[in-house]
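>
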Amino acid sequence: MAWAPSYATAEELKAYTRIPDGNDDAQLDLAISAASRAVDRFCNRQFGLVAAAEARYYTPRFDRKRRKWVVEHDDLMTITGLVVMADLGDDGTYESEVDNYALRPVNAAAKSRPWTFLVVQPASTTIPVADEASVEITAKWGWSAVPDPVKQATILQASRLLKRRDAPFGVAGSPDAGSEIRLLAKVDPDVAVVLNPYIRWWGAA
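Whatever position you read off the sequence shown (first residue = 1), add 549 for our numbering.
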């Protein structure tokens, strides 16, 4: 898997839409790709996984309720390759390791959900500062697997995009038959219902 991949395949979409041949495979691939990115935008996150640990940069904040420093970061489901460093001199050099922290939410792993922030414990030999991008986290970012609801939502949204080619003015069906529907410029309402539990609210740590 890769970062921000397609969450379903053309074959899965073909089976869902009951397309019997391969004449539309190119369009199916495009629809799946576009639907996957629509899912990302709706959820404010992606569901892929980087191939190897990589460094990313974040700005810590002091949580007065916890009385500890908090660093909100991208989705993370494995501690493989995880290293947290801090730039204490605001010089772009991340020379000090944050060696005592807790990944949160507490029950994320038990619920097959990602950690989205870490809390620096007072016992850490390095305490971060509030400078912009002063914390460097090296990790294998992303989800270990695409959740089934995300896959289903992608297929449903992709099928809606396929319908759009037969509705150049954004309206499908027939008003005479009472089947007219407007293809709005947003995700399908059923897709929204399926994806709602996966929306990430940044800054909510």
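Glycine included, every Cβ here is placed at the ideal spot set by N, Cα and C.
I'd like to confirm the pairing. Which residues does DSSP put opposite TRP618 in its beta bridges?
TRP618 pairs with PHE611, VAL669.
> Between SER683 and ASP648, how many whole angstroms is the CB-CB distance? I'm expecting something under 8 Å.
That pair is no contact at about 16 Å.
> To which residues of the same chain is PRO698 closer than 6 Å at the C-beta, ignoring the five residues directly before and after it?
Closer than 6 Å at the Cβ level, and outside the excluded window around PRO698, lie VAL743.
> Measure how close the beta-carbons of VAL519 and PRO677 come, nearest whole angstrom, since I'm counting them as under 8 Å.
Residue 519 is absent from the structure shown; the chain starts at 550 and stops at 754.
> Label ASP737 either buried or exposed according to how many other C-beta atoms from any shown protein chain fall within 10 Å of its C-beta, with 16 as the threshold for buried.
ASP737 is buried by the Cβ-count criterion.
> Is it buried or exposed, TRP618, if we count other Cβ atoms within 10 angstroms and call 16 or more buried?
Buried, since its Cβ has 16 or more Cβ neighbours within 10 Å.
> Nearest to LEU755 by CA position, among LYS614, TYR650, GLY638, is which residue?
Limits of the chain in this structure are 550 at one end and 754 at the other, which puts residue 755 out of reach.
> Is PRO569 buried or exposed, if buried means 16 or more other CB atoms sit within 10 Å of its CB?
Classification for PRO569: exposed.
> With which residues is LEU577 paired in a DSSP beta bridge?
The partner list for LEU577 (beta bridge, DSSP) is empty, contrary to what the question assumes.
> Suppose contacts are defined by Cβ-Cβ distances below 8 Å. Is PHE596 in contact with TYR565 by that definition?
No; because the gap between Cβ atoms is not below 8 Å, this pair is not in contact.
> Over the uninterrupted alpha helix (DSSP H) stretch that includes LEU710, give me the two end residues.
From DSSP, the alpha helix (DSSP H) with LEU710 extends over 697-713.
> Less than 8 Å between the beta carbons of ALA504 and GLU681, yes or no?
A question about residue 504 goes unanswered here, because the residues of the chain that appear run from 550 up to 754.
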